[in-house]
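Just so we're on the same page, the numbering used here is the position in the sequence shown counted from 1, plus 1064. Note that beta-carbon positions come from the ideal geometry of N, C-alpha and C, so glycine has one too. Since we're looking at a predicted model, the values are computed, not measured.
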Amino acid sequence: MSAKKYTGLEAELYDIFRGGDDFDEIGYYVDLALNRGGNCLDVGCGTGRVLIPIAQQGIEITGLDNSSAMLNECGKRLSTEGFKADLVEQDMTNFNCEKNFDLIIIPGGSFQLLDERDDALAALGNLRDHLLPEGLFVMSIFIPFYEISHESLDGVWRLEKDEKIEGSDNRALCHSCVDLDRCENLMEVRHRFEIINNNGITESSEIKYSRLRWYGKYEIQLLLERAGFHNVTISGDFENNDMRDGHTVMSVSAVSGAI
Ligand SMILES: C[S@@+](CC[C@H](N)C(=O)[O-])C[C@H]1O[C@@H](n2cnc3c(N)ncnc32)[C@H](O)[C@@H]1O
């Protein structure tokens, strides 16, 4: 079991570093949930980057995550903004929601944090079991093209983000160091999260390690079919076009079998 939990500064600074929407992913999932119409489960929902805009549309949504820190932040944002969602702290490999969904989504590449193949397959089987008959599953898979083609960056620390913290004089910094196994499709990432004050002094810092798996489109299709899904479609960069060379994100959708 390879469960990685978002804690400490990684969770606290998530929205500052990763709360944006570089790929128009949020609109893609909101449209999907609106078109589908039924209830929705957001797996690895984090602080609600995609969940909250869906809840804002009046759609019945449940958020699942294995990090209490991320879910707490999501709960705070929901109550500040006056929207409702069920939030459950469970692991996607073995969760049980005791209900089924019309739509299950995994935005933001959360599925890729399952670096062990057995965990990925267990999660897909569990997700399929939580769909209604002919329910739809959609997830985002990111491909680290930049890192794949710039081998010279392997093992080199670089400054990835330097952001002002709203309502304070402090800044939030994220340095990262990536090593790729281009044969196994594994990306090992060390992040150093740091808060520095206006004198340039580090007030807190943490190093976090994660391993992410990326997939080719035929590999993910075979994995989904092995987990019992059918009608697998894969499009590129949330444009509803075929995934092709140069696209950075695959949106992968599949339908559960009739139960
Ligand atoms: C990259 S963040 C994405 C968050 C959110 N979906 C978004 O798009 O901003 C990954 C999220 O997946 C959660 N996560 C990682 N492994 C998980 C697991 N095995 N089960 C459930 N959640 C998991 C993390 O806690 C984190 O909130």
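Less than 7 angstroms between the C-beta atoms of T1111 and D1079, yes or no?
In contact: T1111 and D1079 (Cβ atoms closer than 7 angstroms).
Cut-off 6 angstroms between Cβ atoms - residues of its own chain near M1156, not counting five sequence neighbours on either side
Cβ-Cβ distances below 6 angstroms link M1156 to V1107 and A1187 in the same chain, with the five nearest sequence neighbours on each side left out; the list follows chain order.
Burial state of I1298 (16 or more Cβ within 10 Å)
By the neighbour-count criterion, in which a residue is buried when 16 or more other Cβ atoms sit within 10 angstroms of its Cβ, I1298 is buried.
Contact between the segment 1230–1241 and the segment 1196–1203 (3+ Cβ pairs under 8 angstroms):
Counting C-beta pairs closer than 8 angstroms gives fewer than three between the segment 1230–1241 and the segment 1196–1203, which falls short of the contact rule.
Quick check: is any heavy atom of ligand 1 less than 6 angstroms from the C-beta of P1171?
P1171 Cβ: within cutoff of ligand 1.
What are the uninterrupted segments assigned as alpha helix (DSSP H) that are 4 or more residues long and contained completely in the segment 1243–1311, given in chain order?
Within the segment 1243–1311, the complete alpha helix (DSSP H) runs of at least 4 residues are 1281–1290.
Can you give me the Cβ contacts of E1137 inside the same chain, cut-off strictly under 6 angstroms, excluding the 5 residues immediately before and after it?
Result list for E1137: T1111, in chain order.
Using beta-carbon positions only, say whether N1164 and L1196 come within less than 7 angstroms of one another.
For N1164 and L1196, yes; Cβs fall inside 7 angstroms.
C1238 bridges to which residues according to DSSP?
Partner(s): K1225 and F1257.
Heavy atom of ligand 1 less than 6 angstroms from the Cβ of G1110, yes or no?
Checking every heavy atom of ligand 1 against the Cβ of G1110, one is found closer than 6 angstroms.
Counting Cβ pairs closer than 8 angstroms, one from the segment 1167–1176 and one from the segment 1202–1222, do we hit at least three?
Under the Cβ criterion (8 angstroms, minimum of three pairs), the segment 1167–1176 counts as touching the segment 1202–1222.
Suppose the cutoff is 8 angstroms on Cβ atoms and the five residues either side in sequence are ignored; what does the same chain contact list for L1178 look like?
Setting aside the 5 residues that flank it on each side, L1178 is surrounded in the same chain by S1066, M1156, T1157, A1184, A1187 and R1277, each with a C-beta closer than 8 angstroms to its C-beta; the list follows chain order.
CA-CA distance, E1074 and T1144?
Near 22 angstroms, if we compare the C-alpha coordinates of T1144 and E1074.
Check this for me: beta carbons of I1168 and L1105, under 7 angstroms apart or not?
Annotated as proximal: I1168 and L1105, with beta-carbon spacing under 7 angstroms.
Can you list, in chain order, the residues of its chain whose CB lies under 6 angstroms from that of Q1154, leaving out five sequence neighbours each side?
Non-local beta-carbon contacts of Q1154 in its own chain, meaning distances under 6 angstroms to residues more than five positions away in sequence, involve L1128 in chain order.
With burial defined as no fewer than 16 other Cβ atoms inside 10 Å of the residue's Cβ, what is the status of I1323: buried or exposed?
Legend: pLDDT at I1323 = 49, less than 50; position of this residue unreliable, no value from coordinates given.
Alpha carbon to alpha carbon, what distance is there between R1254 and L1223?
Rounded to the nearest whole angstrom, the C-alpha separation of L1223 and R1254 is 12 angstroms.
With the cut-off set at 7 angstroms, would you say Y1210 and S1131 are in Cβ contact?
Not in contact: Y1210 and S1131 (Cβ atoms no closer than 7 angstroms).
Range covered by the alpha helix (DSSP H) that runs through V1094
Counting along the chain, the alpha helix (DSSP H) containing V1094 begins and ends at E1089 to R1100.
Measuring only from the beta carbon, is S1315 closer than 6 angstroms to any heavy atom that is part of ligand 1?
Look at S1315: its beta carbon is at least 6 angstroms from all of the heavy atoms in ligand 1.
Are there 16 or more other CB atoms within 10 angstroms of the CB of K1272, so buried, or fewer, so exposed?
Residue burial annotation: K1272 is buried, with at least 16 other C-beta atoms found within 10 angstroms of its C-beta.
Report the partner residues of E1153 according to the DSSP bridge assignment.
Here E1153 is bridged, per DSSP, to D1129.
Using a Cβ-based criterion (distance less than 6 angstroms to any ligand heavy atom), does Y1093 qualify as near ligand 1?
Using a cutoff of 6 angstroms, the CB of Y1093 does not count as near ligand 1, since none of the ligand's heavy atoms is closer than that.
Is it the case that the Cβ atoms of D1218 and D1243 are separated by a distance below 7 angstroms?
Yes, the pair counts as a contact, with Cβ atoms nearer than the cut-off.
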